[in-house]
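Here the structure is laid out as structure tokens; the discussion comes afterwards.
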Amino acid sequence: MSYKDKIKDKDQDIYILALESSCDETAASVNKNGLEILSNVVSSQVDLHKKFGGVVPEIASRKHLELLLPVIDQALAEAGVEFEDLDAVASTYGPGLVGGLLVTLTAAKTISLALNIPLIGVNHIAGHIYANFIANPEIEKPLICLTISGGHTDLLYFEDLRGYQILGRTIDDAAGEAFDKISRFLGLGYPGGPAIEKAARSGDRDAIDFPRADLGDSYDFSFSGLKTAVMNHVHNEEQRGNEIDQNDLAASFQEAVVDSLASNLIKAVREYKVESVVISGGVAANQRLREVIAERLKEHNLELYYPPLELCTDNAAMIGAVAYYQYLEQDFAPLSISADPSLKL
Amino acid sequence: MLILGIDTSTDILGLALMESGQLKGEYNLSLKRQHSEKLLPLIEEIFELLGFEAGNLDGIAVAVGPGSFTGLRIGITTAKMLGRIFSIPVKGISTLEILAAGAEGNYLLPLLDARRKRVYYSFFQRMENELFLKAINKAASAGISELPEILSKYQDQEISIIGEKTAEVKEVLAKNNFRVRVFRAEKNHPRAAVLARLGEDYLKSGQADDIYQLKPAYLKIPQAEINWQQKYGSK
Ligand SMILES: [Zn+2]
């Protein structure tokens, strides 16, 4: 490919079309110079998967293929940009559901070939982190970032925006996964995060003292013990013939998750001298989590940053933001890049 | 008229460039599950080798299955994007029709393995002076043992069977006194050149597909949906 002579440097305006289809959102965005979002179109399939209690990969993949062109058209139209104006095209290539990932990854490859512009493969988890920088471009570095969603729970240290160090991650379930499983177990519905949070609002968070995983000095997380404890509690109460207060249970479970997340984060804040703290990922939308972390950061004189709601859930603007920094590093993907469903940070 | 044929419906990755009825080049590569990694590099390669670029294309023909859903989505996504970017027409063509169009005979039974002694099939008639095959039976799946019943009206005709599971199907049909014709190896997989030629014929006769509606021939609803319907009834 011969796009090498077309690559711009930092001083010129760079337009990137970014695509995302790793789970149940089909998304496309156009950005200018990374953090200036010209359009951010997300078509959610959540209603389609509701009745199954989780995302059905084959159904998601079918829908991604159907939504692909309309979503791209809308992103270009809202940005007032034509294909010819693009400097690069980006797509998530993992982690996620392979059938879904392949839809936008293949589309991005085709655009790259057709327009002779660089192809950028983006890690979805990095996207969730960079969503913060879209919302808060002036955020001070170095910083600690906790990224939490249905697929990941990672604690990261950033010296600047071009690189990061992983401090800890979950050794079993991701936090969002724990919310989904317990929500399903309690019959509260899907997606689990908002369902548990809603029930918890009318419950007593001190009603049941659920265990917090103790992983010693490490910054790692674990939620499978908590999940078992909740299930055991319900079985025991049922056997005793006691009625279970769903709201108390949800509130106590949520409190245990929030406490585990916040404690590890504060431990890292104490050890690393940072200027800012950010949380990202779907679970970062949880109000109780934000409240607890913000409260505990007060004694360190640190403010908590989190992306606005529309950037917390899966979207393509966050993929485009990462792609811009990769563009500056000329970190381009070959047309042979494949989807990696279990891609790590 | 420059047509690119793309077939990722089976284990074979098929690519062909056809220019006004002349085959420029063709790949038929048994790549199994590597379609995602290989398709775009091979498209780039075939253009480079033959001195064309994507912007020269006047149309796309893409196989729509039956076949692997993931494989199909790779080819169809590529076709849609090329169609969208260059505003050129796209035609989706049944993988079974590609098999049938590449073989001889007046009654054609193309087959793809659907596992567990079942096949995906279509039944075509080749008419004198007609450009396209006439589909007597549209793409569907059936047990191999059900085929004699399905084709019972055509027992007096010689039937060409092409594709996968031809030995098994031949045996069942012969046992039921059908006259069958089978082919050598090279005819028993969909050929990209046939796809590109069909694409040119269809597009010349004005039969393009709407790229916004184009999708694989899903002959099966998703398993999760089947399970759900068994549990709660269809809704
Ligand atoms: Zn996500």
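Chain order of the listed sequences is A and B. Each residue of the first sequence is one higher than the one before, starting from 538 at the first, in our numbering. Each residue of the second sequence is one higher than the one before, starting from 828 at the first, in our numbering. Idealized CB from N, CA, C, for every residue including glycine.
- Proximity to B/Val-917 across B/Pro-1043, B/Leu-1030, B/Gln-1056, B/Gln-1050 peaks at B/Leu-1030, based on C-alpha coordinates.
- Checking the 7 Å criterion, the Cβ of A/Gly-819 is within range of a heavy atom belonging to ligand 1.
- A/Pro-728 is a Cβ neighbour of A/Val-583, given a cutoff of 8 Å.
- B/Gln-1056 sits exposed, since fewer than 16 C-beta atoms from the chains shown fall within 10 Å of its C-beta.
- Close to A/Ser-875, with beta-carbon spacing below 8 Å, are these residues of chain B in chain order: Ser-863, Glu-864.
- Counting only heavy atoms of ligand 1, the residues whose C-beta sits closer than 5 Å to one of them are, along the chain, A/Ser-686, A/Asp-851.
- The three-state reading of DSSP puts A/Asn-669 in helix, counting H, G and I together.
- For A/Gln-791, the enclosing alpha helix (DSSP H) begins and ends at 783-808.
- Residues of the segment 601-613 of chain A with a Cβ closer than 9 Å to any Cβ of chain B, in chain order: His-601, Leu-602, Glu-603, Leu-605, Leu-606, Pro-607, Ile-609, Asp-610.
- Look at B/Ala-881: its C-beta is under 8 Å from a C-beta on chain A.
- Within the segment 911-931 of chain B, the residues whose Cβ lies closer than 8 Å to some Cβ of chain A are Arg-911, Ile-912, Phe-913, listed in chain order.
- For B/Asn-883, the three-state secondary structure derived from DSSP is helix.
- One finds nothing in chain B with a Cβ atom closer than 7 Å to the Cβ of A/Ser-580; even the nearest lies about 14 Å away.
- Around the Cβ of B/Lys-1058, a 10 Å sphere holds fewer than 16 other Cβ atoms; the residue is exposed.
- In the DSSP assignment, B/Thr-897 falls within the unbroken alpha helix (DSSP H) covering 896-913.
- Beta-bridge analysis with DSSP links A/Ala-564 to A/Glu-557, A/Val-579.
- Per DSSP, the beta-bridge partners of B/Met-845 are B/Ile-830, B/Leu-850.
- Rounded to the nearest angstrom, the gap between the Cα atoms of A/Glu-832 and A/Leu-798 is 14 Å.
- Shortest Cα-Cα distance from B/Leu-935 to any of B/Ile-1053, B/Lys-965, B/Tyr-1039 involves B/Lys-965.
- Within its own chain, the residues whose Cβ lies closer than 8 Å to the Cβ of B/Leu-877, once the five positions on either side in sequence are excluded, are Leu-844, Lys-851, Gly-852, listed in chain order.
- In the three-state DSSP reduction, B/Leu-866 falls in the helix class (H, G or I).
- For A/Ser-813, the pairing in a beta bridge is given by DSSP as A/Leu-680.
- When Cβ-Cβ separations below 8 Å define contact, B/Tyr-934 makes no contact with chain A.
- Chain B has no Cβ within less than 8 Å of the Cβ of A/Leu-556.
- A/Gln-791 and A/Ala-750 do not touch by the CB rule: their CB atoms are close to 15 Å apart, not below 8 Å.
- In the three-state scheme derived from DSSP, where H, G and I count as helix and E and B as strand, B/Ser-949 is classed as strand.
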